[in-house]
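Structure first, commentary second.
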Amino acid sequence: MRLAQLRDHERELYYFQLRIGFAGAAVLVAFALLFARFFYLQVVQHGAYVSKAEDNRISVVPVAPNRGLILDRNGVVLARNYSAYTLEVFPAKVRNLERTVAEVAQLIEVQPKDRSRLRKLLAETRNAESLPIRTRLSDEEVARFAANRYRFPGVDIKARLFRQYPLGESASHVLGHIGRISTRDREKLEELGVEANYRGTDFIGKAGIEASYQHELHGMAGVEQVEIDAGGRGLRTLARTPAQPGNNITLTLDIRLQQLVERLFGERRGALVALEPRSGAVLAFVSRPGFDPNLFVDGIDPANWEALNNSPDRPLNNRAIAGLYPPGSTFKPYMALAALELGKRTPRSVIHDPGYFVFGERRFRDSKPGGHGTVDLYKSIVVSSDTFYYQLANDLGINAIAGFMQHFGFGARTGIDLEGEATGVLPSPEWKMARFRRPEQQKWYAGETISIGIGQGYNAYTPAQMALAVATLANLGAMYRPHLVSHIDDQRSGARRAIEPVLVRQLPLRTENLEFVRRAMAGVNREGTGARVFAGAQYTSAGKTGTAQVIGLKQNEKYDERRVSERLRDHSLFIAFAPVENPRIALAVLVENGGFGARTAAPIARAVLDYYLLGRLPAALDKPPSSEEPENEEGD
Amino acid sequence: MELTRVSLRGIAARLGDGVDGTLLTLALLLAALGLLTLFSASYDQPGRVTGQLANLAVALGAMWVAARIPPQALLRFAPPVYVFGVLLLLGVALFGDVVNGARRWLHIGVTRFQPSEMMKLALPLMLAWYFHRNEAGLRTRDFAVGVLLLALPVVLIARQPDLGTAVLVAAAGFYVIFFAGVGWKLLVGLGVLGLIGLAPLWGLLHDYQRKRILTLLDPTQDPLGAGYHIIQSTIAVGSGGITGKGWLHGTQTHLEFIPERHTDFIFAVFSEEFGLLGNCLLLVLYALLIGRGLMIAANAASFFSRLLAGSIALMFFTYVFVNMGMVSGILPVVGVPLPFVSYGGTALATLFVGLGILMSIHRHRKLVQT
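See the structure below:
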């Protein structure tokens, strides 16, 4: 019994030890399996995992280039950059954005406008980007956040360059502004195949020179290889290819002249474009009211945006190239030239002006009751006879007028180096056919031609077109494309690229006809509607006043300025060039609701010419504009 | 019972008495490697190393005590310890603290305690006791009871949920049943039963646990979520190469790409810095430790101590295999530390108590020598 038990015991022990052996073998097999796995990972796949670890460790960070400066022709800085700290968040790395911002706000002031900007940016950007919670942190705020940084994964302080426009509103429509790159901008950059160069860049030119010369101003992005931790924070830079700054752009503008004009406009709305006739260089480019482009730099807040966008003065509208106005009587010199060129009038042709022109049933009134009496071509310009041009328009016919005027660039984009230029309307039967739908509207009526002759009716041009036309006239028919940029300084090579004048066309006009019109325009400033404003000028000048109707008058209604609300008053226009024999400057001024051309537009033109030709500033700049009635008011 | 005389030399001898030099040396070598790795992994929290040293001191004390408890005493205490443990597990299920979405901790006075941890030893004790009692003729019925004794705490732990500990406890229990001599047919039957049991278990699993298992099949499915652990740890292991990046030079570690790098994923740190050679060293050390444990089991005096020693030896194996398997991406991520290496006092104490029990069994092998 005991022996049997013992034998049992031994058998049992034998089986147990067998199982121990089996377990030991199983352990070795399992460890061999682990070894095989390690061998696979650490020897076979080693290279692949090394590069994965490197990818983990090294992040290629694009370095945004410094944007180029914008300067005026004398080197005055109009747009520059300054460095400031921003507090930014990677929305993808934050679990609850609202809460994170709320916690950040306990450390650093976050205003409602900052929050609404963040919300707006969040809605606009789909991909994971760093978005600003606060911009322009003070040193103290930077220190305070840095001490608490560990509490906010996904939130970090960045040193960013911000655009600054030191002169504020001045030349705002020339400079335009930058803004955050939108999804549409991104798509456009992709179409151009330059999106790689914009990695790391948050801002892009949205309007003005900032937009039209975006690719010059931008520069070349650099690359930094940064060692990062799992939280995406940069620890140290391993290698870098520096960014190349954007090119500096020097404008043809004289900012002092520009600011002179802006002050002369004061609160009034309107535009002025002054050109150098022999090159097309823009000397002054004003659209009033302007806006402060600095508001756009780090994302305009909704309140300011509302104010700018909904103002009845439409400050964001670039009137100089996008505002369309009838030229009024400033159209007459071109009409006179057309008459001479097409042989419909000679300098000796004379009409009798009774103060109206009858066409069919309708009577077209002259702005001077009773008319100007006997009027020849010269006098028609100097005193601005409407009756003369009613008749002339009727004699020429709409096709001849349209065919001639297009040579001066009316109704076509000038090609100025800004975006958003309007075409305008050079009226013609073809234009009307295309413009309207209903057959009875599509037909051109001969009666519609009459008011075209005095720059009314369907005529609608931009101040830039009017300036280009008068510059072409001053330059004896040689039309140069207007341009705002004088030269570009390449930051990489140090080379300076001048923007060469581009001759658009040379009009085949007879010199004696051009001389005649120029003489008549000189007469305007010497003895005509502009004489009072240009009294005592120490240079010769040529000009033409214009008054553009805002509301149509009924057949026998008399326009009474006092009875018309301010915004329905006539626009005041003036075109000019000087000196007459050798024009160095040509300009067009438009003052919205400024009344007669001689009253508000012409004094601005006089001040520009005085400054440009004599270097003289008007004495009474700060005084309100003169309210006394000009002598030749009736003869606009 | 020779050592009854008291002398100065005797005190020193008695202190070391019952402590198995081989096991202790192997465990301390592993712990030293662990401290080295921990130092590298906790460059930003230097307190971890001293903390682990303190844990080690406590664990050594526990081992020393355990080594002095004779197997007969363990046999006597097995049922009450098991019952107590199961009651505690029920207590956790009812009153436990919730940490990270799992109910694992029980407040005892000022400190918190994980009852599931003690089950790692209590279950093999209980099963060994049960089979020892019925040593004369183990029948299928006895193994069925054993399975029930195993299933009760395992289900409770899995429900907490703590899949890692449940796996360890279940494995420890299974080893006892295996060594008790369950027939191979029955073993296959148990395996099939276990697989069938997995199906309802899948339903018991939490979403994150299911996700971990699914992610194992394709970690790239969720690279920033559940797959992140596996992707980053395999990158660490793979980029370590044959010789490793060198101590303190693991980029995955020092740039914080490895999650849980002090505890469950410390092997990724080790593997990145010491490479395949380091891994082989670890495997050899563990193999020797387990081998020593199995040898002790083979030579143990009673059925009870044989079963217990075999189970404890293989428990070390389970730890190592599951941990290294999950870090190198062949097993799902469950919370199993690398024995003697990972940071953490409770697990270390359990392991050293296990060692102590092995030592005690070894010391008492001759008493009932046949």
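Protein chains in written order, with the working numbering: chain A, 1 to 636; chain B, 1001 to 1370.
C-beta atoms are modelled at their ideal positions from N, C-alpha and C, and glycine is treated no differently.
Please identify the residue among B:V1049, B:H1364 and B:L1023 whose C-alpha is closest to the C-alpha of G1345 of chain B. B:V1049
What does the alpha-carbon distance come out to for the pair Y1398 of chain B and T1025 of chain B? Summary: the structure shown does not reach residue 1398 of chain B, with chain B confined to residues 1001 through 1370, and so no result is reported for it.
Along the chain, where does the alpha helix (DSSP H) that runs through N334 of chain A open and close? In the sequence on display, residue 334 of chain A carries Tyr and not Asn. It spans K332 to E341 - the alpha helix (DSSP H) in which Y334 of chain A sits, taken as one unbroken run.
List in chain order: all unbroken alpha helix (DSSP H) runs of 4+ residues lying wholly within the segment 467–508 of chain A. none
Short of 7 Å in beta carbon distance, which residues of its chain neighbour L617 of chain A, apart from the five on each side in sequence? Order them along the chain. L260 and Y611
Can you grab the Cα-Cα spacing for the pair A1281 of chain B / Y1319 of chain B, in whole Å? A quick correction: the sequence has Leu, not Ala, at residue 1281 of chain B. C-alpha separation (whole angstroms): 17 Å.
With a threshold of 7 Å, establish whether the CB of G47 of chain A neighbours any heavy atom of the ligand COA. With respect to the ligand COA, the structure shown offers nothing to examine, as it has no ligands at all.
Is the segment 145–162 of chain A close to the segment 77–97 of chain A, with three or more CB pairs under 8 Å? yes
Is DSSP giving Y82 of chain A helix, strand or coil here? strand
Just checking my contact of A422 of chain A with I321 of chain A at CB under 8 Å: how many whole Å lie between their CB atoms? 7 Å
Considering only C-alpha positions, which residue in the set B:L1038, B:R1365, B:Q1252 and B:T1234 is nearest to F1304 of chain B? B:R1365
Check Q17 of chain A in the structure and name its three-state DSSP category. helix
Where F1178 of chain B meets chain A, residues with beta-carbon distance less than 8 Å: R19 and A23
Give the secondary structure of Q555 of chain A by DSSP, where H, G and I count as helix, E and B as strand, and everything else as coil. Note that Q555 of chain A scores a pLDDT of 47, beneath 50, so its modelled location is shaky and nothing firm can be said.
Do I381 of chain A and A336 of chain A have their beta-carbon atoms positioned less than 8 Å apart in this structure? yes
When the Cα of G477 of chain A is compared with those of A:F408, A:A434, A:A102 and A:Q456, which residue comes out closest? A:F408
Give the single residue among A:I416, A:L28, A:R268 and A:Q549 whose Cα lies nearest to the Cα of A274 of chain A. A:I416
Residues within the segment 1229–1263 of chain B neighbouring chain A, beta-carbon criterion of under 8 Å: Q1232, T1234, I1235, A1236, V1237, G1238, S1239, G1240, G1241, I1242, T1251, Q1252, L1255, E1256 and F1257
Counting only beta-carbon separations shorter than 8 Å, does A53 of chain A have a partner in chain B? yes
Please state the DSSP three-state secondary structure of L107 of chain A. coil
What do you reckon, are the CB atoms on T545 of chain A and A602 of chain A nearer than 8 Å? yes
Determine the extent of the alpha helix (DSSP H) in which L1123 of chain B is found, giving its start and end residues. P1115 to R1133
Taking the alpha carbon of V1086 of chain B as the reference point, which residue from B:E1256, B:L1148 and B:T1140 has its own alpha carbon closest? B:L1148
Measure the alpha-carbon distance for E592 of chain A versus L69 of chain A and round it to whole angstroms. 33 Å
Hey, out of A:S486, A:G494, A:R510 and A:I585, whose CA is closest to T250 of chain A's CA? A:S486
Local conformation of N1055 of chain B per DSSP, three classes: helix
Below-8 Å beta-carbon distance, L1351 of chain B vs any chain A residue: no
Residues of chain B with CB under 9 Å from R57 of chain A, in chain order? T1251, Q1252, L1255 and F1257
Quick check on the burial criterion: 16 or more other C-beta atoms within 10 angstroms. Buried or exposed for S138 of chain A? exposed
Return the bridge partner residues of Q164 of chain A from the DSSP annotation. A:R80
Mark A393 of chain A as exposed unless 16 or more other C-beta atoms lie within 10 angstroms of its C-beta, in which case mark it buried. buried
Along chain C, which residues have their Cβ under 9 Å away from the Cβ of D229 of chain A? Chain labels in this structure do not include chain C; the protein chains are A and B.
Residue of A:R505, A:L342, A:P583 and A:R492 minimising C-alpha distance to N513 of chain A: A:L342
Using a Cβ cut-off of 9 Å, pull out every chain B residue sitting near Y49 of chain A, in sequence order please. T1234, I1235, A1236, V1237, G1238, S1239, G1240 and G1241
Which ranges does the alpha helix (DSSP H) cover as unbroken runs of at least 4 residues, wholly within the segment 284–371 of chain A, from first to last along the chain? 302–310, 319–322 and 332–341
Interface residues of chain B around F35 of chain A at Cβ under 9 Å? L1276, N1279, C1280 and L1283
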